[in-house]
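Take a look at the structure below.
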Amino acid sequence: MSSSIRSNKPDNPSPSMRSAQEVIKQLNLAPHPEKGWYIQTFEDPAKTNNRSASTAIYYLLEKGEVSHWHRVLDATEIWHHYMGAPLQLSLSFNDGKPVRDQILGPNIFSNQAPQVIIEKGEWQRAKSMGQWTLVGCTVAPGFTFARFEMAPEGWEPRGSNPSGGV
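The sequence shown runs contiguously to residue 619 in our numbering.
The structure is reproduced here in structure tokens:
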């Protein structure tokens, strides 16, 4: 067996047996302003209006962490599930319609989706449905904090049920 191939012996447990802190350390994640942990993994060198065409991050939430309501004003986000528990994404355009909950996860036969699209300007928040969740987020055009809006603490979109959902 090649030395570059690792086995699932007890000294190398499967990824699902790892702790959030082990994943955070392995991927060199840093605290994210909206809660959780992240690292930018890609910034497209192609530019559109002096802005990267797309960016990508890893993002991890631990049990009990709920991200703040936030939105990207002018870019579409594509969330991808990588490891750990499913992630509940609550989505709203703050238009009085009920908040929509989508489950980002690997089990397509249990109403989970391995990919969720969040439209530009759509409010969102996220919560791990287990001990921890590792996802990725690709943003196009590329993410910039200048086009990111975080809601004030305690804010809820019109049409939401603050005691339900995330």
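Virtual Cβ for every residue (Gly too), placed ideally from N, Cα, C. In this text, all values refer to a predicted model and were calculated from it rather than measured experimentally.
query, result
"Could you give the distance in angstroms between the alpha-carbon of GLU487 and the alpha-carbon of GLU530?", "16 Å"
"VAL525 and ARG600 - do their beta-carbons sit closer together than 8 Å?", "yes"
"Hey, how far is the Cα of GLU602 from the Cα of HIS523?", "6 Å"
"Look at the alpha carbon of PRO498 and the alpha carbon of SER505, and state the distance between them as a whole number of angstroms.", "6 Å"
"Just to check my reading of the structure: ALA538 and SER472 have Cβ atoms closer than 8 Å, yes? What is that Cβ distance to the nearest angstrom?", "Contact doesn't hold; Cβ gap of about 13 Å is too wide."
"Could you pull the start and end residues of the beta strand (DSSP E) that VAL588 belongs to?", "585-593"
"Where does MET470 fall in DSSP's three states?", "helix"
"Which term fits PHE596, buried or exposed, when burial requires 16 or more other beta carbons within 10 angstroms of its beta carbon?", "buried"
"Grab the span of the beta strand (DSSP E) containing ILE556 for me, first residue to last.", "553-557"
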